[in-house]
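Numbering (the working numbering), first residue to last: 36 to 239.
Positions of the beta carbon are idealized from the N, C-alpha and C atoms, including for glycine.
Okay, structure first, notes after.
What follows is the structure, given as structure tokens:
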């Protein structure tokens, strides 16, 4: 159990407290894929339970990467140490975005991970512009802000990926306001745009 320990993210030398909520605003596929794969690898090497929500990552590529580092994807999948789902499958279940369901998913993932004996839990997920079109999508910022609160009690180390070429600048700025940490040039830094959830939620 790793409630208050620090964990490695894999793509940086920095260690962060378990349950850190970070955003990665990327502009090229190489940056997105490299951080995702190294984040999952680092978690598995540390005995953590991992999950990935992405439409751009397939099992074949993930398995090849892990196998290249001496880890059997199929074995880890059987052990429920790694799960791979599409963005739509997780975030837009039933054709809508439901923050409450997603928060329950995160808290349940953490509880199950601890019950199963994993040292910690981590999730990396990519949000897509489809969120702006589905029912409930206008609650995205509320959700991200509430995630920061949830992780205080259910410390799932979380990286949220957003493609800067698909979201407009105003949306990206709002996304920054609801993530306490950001990943810049491979380093985890304090986010100067962050607004504490208790304050941010008053304004929406």
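Selection from the options that minimises the alpha carbon distance to residue i
i           : options              : result
residue 213 : 238, 48 and 67       : 238
residue 90  : 232, 48 and 123      : 123
residue 119 : 198, 157 and 216     : 157
residue 203 : 177, 71 and 60       : 60
residue 94  : 168, 229 and 117     : 117
residue 193 : 113, 53, 208 and 100 : 53
residue 201 : 178, 63, 152 and 48  : 63
residue 142 : 189, 67, 68 and 228  : 189
Residues bridged to residue i [DSSP beta-bridge criterion]
i           : result
residue 84  : 156
residue 161 : 196
Sub-9 Å separation of residue i and residue j beta-carbons
i           : j           : result
residue 58  : residue 210 : yes
residue 81  : residue 154 : yes
residue 51  : residue 65  : no
residue 161 : residue 108 : no
residue 72  : residue 85  : no
residue 131 : residue 169 : yes
residue 185 : residue 138 : yes
residue 115 : residue 79  : no
Start-to-end residues for the alpha helix (DSSP H) that takes in residue i
i           : result
residue 119 : Here residue 119 belongs to no alpha helix (DSSP H); instead the beta strand (DSSP E) covers 117-120.
residue 57  : Counting along the chain, residue 57 falls outside any alpha helix (DSSP H), though it belongs to the beta strand (DSSP E) covering 56-61.
residue 187 : 175-188
residue 41  : Here residue 41 belongs to no alpha helix (DSSP H); instead the beta strand (DSSP E) covers 41-43.
Let me know the alpha helix (DSSP H) ranges lying completely inside the segment 112-151, each 4 residues or longer, listed in chain order. Listed in chain order, they are 122-126 and 134-150.
Alpha helix (DSSP H) runs contained entirely in the segment 204-238, provided each spans 4 or more residues: Under the rule that a run must span 4 or more residues, the alpha helix (DSSP H) segments found entirely inside the segment 204-238 read 204-212 and 232-235.
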